[in-house]
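What follows is a short report on a single structure.
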Amino acid sequence: MSFFKTAFFVKNVPGWERATRILLATAAVILSGALLPSPWNWIGALTCIGFGLTGVVGFCPACALAGRRLARNDQARQW
2 MSFFKTAFFV KNVPGWERAT RILLATAAVI LSGALLPSPW NWIGALTCIG FGLTGVVGFC
62 PACALAGRRL ARNDQARQW
């Protein structure tokens, strides 16, 4: 395997789920900033930003612990 295939995380979140994670995280950041009292709104916003980053990057550590992989990654491993 080349360096670039092993140096970065292999995506384990499909495209539709990535878009859903980004949209839900954006909505949750806005709601936490508007509805929660002050230090909790920062904690809620930072938590939601972390969730949104999994959508942007396409890698979810919790899914990796559960052994979730995309079908195209399984096909690439066979080569």
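If you use my numbering, the sequence shown closes out at 80, no skipped numbers anywhere.
Note that CB positions come from ideal geometry on N, CA and C, so glycine has one too.
Here the structure is a predicted model, which is why all the values come from computation and not from measurement.
| query | result |
| --- | --- |
| How would you write the range of the alpha helix (DSSP H) that residue 42 sits in, first residue to last? | 41–58 |
| Could you check how far apart the C-beta atoms of residue 13 and residue 71 are, in whole angstroms? I think they sit under 8 Å. | 6 Å |
| What is the rounded straight-line gap between the Cα of residue 41 and the Cα of residue 24? | 21 Å |
| Whole angstroms is fine: what's the gap from residue 55's alpha carbon to residue 19's? | 8 Å |
| By the three-class DSSP mapping on this structure, what secondary structure does residue 68 have? | coil |
| Taking the straight line between their C-alpha atoms, what separation do you get for residue 43 and residue 69? | 31 Å |
| For the alpha helix (DSSP H) holding residue 30, just list the boundary residues, first then last. | 16–36 |
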